Amino acid sequence: MATSRGVSVRSFYGYPRNAVSSTVKFVPIPNNINKSDDEFDFESDNDLENFPHSETLSESEFEDSSSDSSTESNEMHISCNMQSTKHAPVSKKSKSNEDSIQWNLSDADWTIPYNYSENNEKLSINKNTSDILNRFSSSIDFHKLFVTDELMGFIINQTQLYNEWRYLKIGTRRVKNIEKDELKKVIGIILYMGIMKLPNRRMYWSSSTRNELIASAMTINRFDEIMSILHFNDNNKMPDKDSSNYNKCYKVQPLIDHFRYIFSTLVNPETEMSIDEQVVPFKGAHSLKRYLPKKPKKWGYKIWARAGISGYVYDFEIEGGIGTKGPPPGCNPPKQCGESAFVVLRLSNSLLPFKHTLYFDNYFASPELMIFLRTNYKVWALSTLNPNRSRNCPILSEKEMRKLGRGYIKEFVDTNNKIVVASWFDNKRVLTLSNYIGKNPVGTCKRYDAKQKKKN
């Protein structure tokens, strides 16, 4: 018969708090981390190992510092290099970078700059485009604005060049020269296949799954021949992998350059724009393919894009391609901005001064970026903010804001650099950073109250 072992009261309830020798560790998120929210896995031990080692406080020190910080200061101006125990400690390197940012704690509201304009211009075609399009124009006329005759001729020349090179170097038989009408049909078939999807390309011509629109336009053998030699750049001029000019997007770079130019010149841009990431689904083998576990399409090419409220994309770049690192030429932003902020600077360097408003999320945002956009680009901007990039802004913790209730809002202003941080509580704390607008104007909306089980 098994005997039961007794458990002491002390073992069951634990030891007194002061008897435990422990430390509290702060693990700050690096400001220059190059992962977006979708790429970073906060539950992974591997990602936590990549974090820098931070300072630690003993438990007694932590309690003392917490009690000291609970008393509210009467000072109206707090220097950014003041440490707060409720936030992650700032490294010595970052202290010197943050001395220029000072947050004003006065209750005076942020004033919208006098030169800010609320004239929200909508997407419209420019004069050159309006001479081509009219109310009687067809969809193919619109398509020709993007896929021009010059582009078609360029693709045919590059395809024929590869066809000849393949015959001379490899000994593969020559494919019959491609005509312009044939290339149009190939492009149309590819676009239609993206809408009417089948597991296998040959199924569009199969008797059981035949698609009459595709099968009647071109035979499967001719389509396969053209696809086997379709090229957009000269392979003979491709830089070596060891070269500094090596470009992973070299074979499609002319297409990228063409569409970036066309997108920006066909229309008059809107006033309000957004910069964010976009995923082009792809599961093939390529070094630029990314895995984004939180996206609906988890595998594909990652694209940074600047788009308007209408959804029209004005500019874009493929992550990992040439020219997708560092600031744009002739631009010298602070190093504290980081690589993520350089994406915003590269995609917005063509915007007109004091005419556009940019929106982006906390992956890109930092006070240094907001200051640079206002002083150098003359562009208004608004973003969400990661508290680890607030540069010691004395924002309340989420726990403290929860006690103050839903709808509580507070703003902190740097009057020298003309930026403002607004802290607002809904279900969770929301931080915004801007160089033109603070907490005002305040609007109202109905929100569901879990306690009363109704919207208030």
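Counting along the sequence shown from 1, when you hit position 249 you're at 255 in the working numbering, and nothing is skipped either side. Beta carbons: idealized from backbone N, C-alpha and C, even for Gly. Since this is a predicted model, take the numbers as computed values, not measurements.
Point to revise | Start and end residues, beta strand (DSSP E) containing Asn134 | key: Looking at the DSSP string, Asn134 is not in any beta strand (DSSP E); the run it does join, the alpha helix (DSSP H), is 133-136.
Review point. DSSP three-state call for Tyr122: helix, strand or coil?
Key: The answer is coil: DSSP assigns Tyr122 none of H, G, I, E or B.
Practice item. Report the rounded CA-to-CA distance for Asp137 versus Ser214, giving the unit in angstroms. Key: Distance from the CA atom of Asp137 to the CA atom of Ser214, rounded to whole angstroms, is 46 Å.
Point to revise | Cα-Cα separation, Tyr252 to Tyr173 | key: So the alpha carbons of these two residues sit roughly 26 Å apart.
Review point. Do Glu127 and Thr277 have their C-beta atoms within less than 8 Å of each other?
Key: Yes, they are a contact pair.
**Study point:** Where Tyr383 falls: helix, strand or coil (DSSP)
**Key:** In the structure shown, Tyr383 sits in a helix (DSSP, three-state: H, G or I).
Review point. Would the beta-carbon of Leu437 fall within 8 Å of that of Ile401?
Key: The answer is yes: Cβ separation under 8 Å.
Practice item. Using only alpha-carbon positions, find the residue among Gly344, Ser249, Asp115 that is nearest to Pro333. Key: When each option's Cα is compared against that of Pro333, the closest is Gly344.
Exercise for review: Just grab the DSSP bridge partners of Phe366 for me.
Suggested key: Its beta-bridge partners are Ser389.
Review point. Helix, strand or coil: how does DSSP classify Asn217 here?
Key: Assigned with DSSP and collapsed to three states, Asn217 falls in coil, not helix or strand.
Check your understanding: Does the Cβ of Arg352 have 16 or more other Cβ atoms within 10 Å, making it buried, or fewer, making it exposed?
Key -> Its Cβ being crowded by 16 or more others within 10 Å, Arg352 is buried.
Exercise for review: Within 10 angstroms of the Cβ of Glu55, are there 16 or more other Cβ atoms? Answer buried if so, exposed if not.
Suggested key: The predicted position of Glu55 is uncertain, since its pLDDT is 41 and thus under 50; a value taken from the coordinates is nonetheless stated next. Flag for Glu55 reads exposed.
Exercise for review: Please classify Val286: is it buried, with 16 or more other beta-carbons within 10 angstroms of its beta-carbon, or exposed?
Suggested key: By the Cβ-count criterion, Val286 is exposed, with fewer than 16 other Cβ atoms from all chains shown falling within 10 Å of its own Cβ.
Exercise for review: Return yes when the Cβ of Phe378 is within less than 8 Å of the Cβ of Pro335, no when it is not.
Suggested key: Cβ atoms of Pro335 and Phe378: not closer than 8 Å.
Review point. Using the beta-carbon count (16 or more within 10 Å), is Met233 buried or exposed?
Key: Looking at its Cβ environment, which holds fewer than 16 other Cβ atoms inside 10 Å, Met233 is exposed.
Check your understanding: Looking at the structure shown, is Thr277 part of a helix, part of a strand, or coil, going by DSSP?
Key -> Thr277: coil per DSSP, three-state reduction.
Check your understanding: Hey, would you say Glu417 sits closer than 8 Å to Lys461, going by beta carbons?
Key -> Not closer than 8 Å, so no.
Practice item. Could you have a look at Trp211 and say whether DSSP puts it in helix, strand or coil? Key: The DSSP-derived three-state label of Trp211 is coil.
Review point. Counting contacts by CB-CB distance shorter than 8 Å, is Thr438 in contact with chain C?
Key: No chain C appears in the structure shown, which is made up of a single protein chain.
Practice item. Provide the residue(s) that pair with Trp171 in DSSP beta bridges, ordered along the chain. Key: Residue pairing by DSSP leaves Trp171 without any beta bridge partner.
Review point. Looking only at its own chain, which residues have a Cβ that is under 7 Å from the Cβ of Gly306, when we skip the five neighbours before and after it?
Key: For Gly306, where only same-chain residues beyond five positions count, the Cβ hits under 7 Å are Val285, Val286, Pro287, Phe288, Lys295, Arg296.
**Study point:** Where Glu283 falls: helix, strand or coil (DSSP)
**Key:** In this structure, Glu283 counts as strand in the three-state DSSP scheme.
Point to revise | Segment contact flag, the region 372-388 with the region 425-444, C-beta cutoff 8 Å, min 3 pairs | key: Using a Cβ-Cβ distance cut-off of 8 Å, the region 372-388 and the region 425-444 are in contact, since at least three pairs of beta carbons, one from each stretch, lie closer than that value.
Exercise for review: Kindly list the residues whose CB is nearer than 6 Å to the CB of Glu325, restricted to its own chain and excluding five residues on each side of it in sequence; keep chain order.
Suggested key: Taken in chain order, the residues that qualify are Lys308.
Review point. Exposed or buried, what is Ile176 when buried is set at 16 or more other beta-carbons lying within 10 Å of its beta-carbon?
Key: Result: exposed.
Practice item. Flag this pair as touching only if the region 135-153 and the region 448-459 have three or more C-beta atom pairs under 8 Å; answer yes or no. Key: The count of Cβ pairs closer than 8 Å, one atom from the region 135-153 and one from the region 448-459, stays below three, leaving the stretches out of contact.
Review point. Alpha carbon to alpha carbon, what distance is there between Ser396 and Val427?
Key: C-alpha separation (whole angstroms): 8 Å.
Exercise for review: Entirely within the region 412-460 and at least 3 residues each: give me those beta strand (DSSP E) ranges in chain order.
Suggested key: Segments of the beta strand (DSSP E) lying fully in the region 412-460: 415-420, 425-431, 435-440.
Exercise for review: Could you tell me whether the region 234-243 touches the region 310-318, where touching means 3 or more Cβ pairs closer than 8 Å?
Suggested key: With a cut-off of 8 Å, the region 310-318 and the region 234-243 do not count as touching, because too few Cβ pairs lie within range.
Point to revise | Neighbourhood of Asp321 by C-beta distance below 8 Å, restricted to the same chain and skipping five residues each side | key: So the list reads Arg266, Phe269, Ser270, Ala311, Arg312, Leu353, Ser356, once near-sequence residues are dropped.
Review point. Could you give the distance in angstroms between the alpha-carbon of Val153 and the alpha-carbon of Glu231?
Key: One Cα belongs to Val153, the other to Glu231, and the distance between them is close to 22 Å.
Check your understanding: Which whole-angstrom value describes the C-beta separation of Trp211 and Ala223, a residue pair presumed to lie in contact below a C-beta threshold of 8 Å?
Key -> A Cβ-Cβ separation of about 11 Å leaves Trp211 out of contact with Ala223 under the 8 Å criterion.
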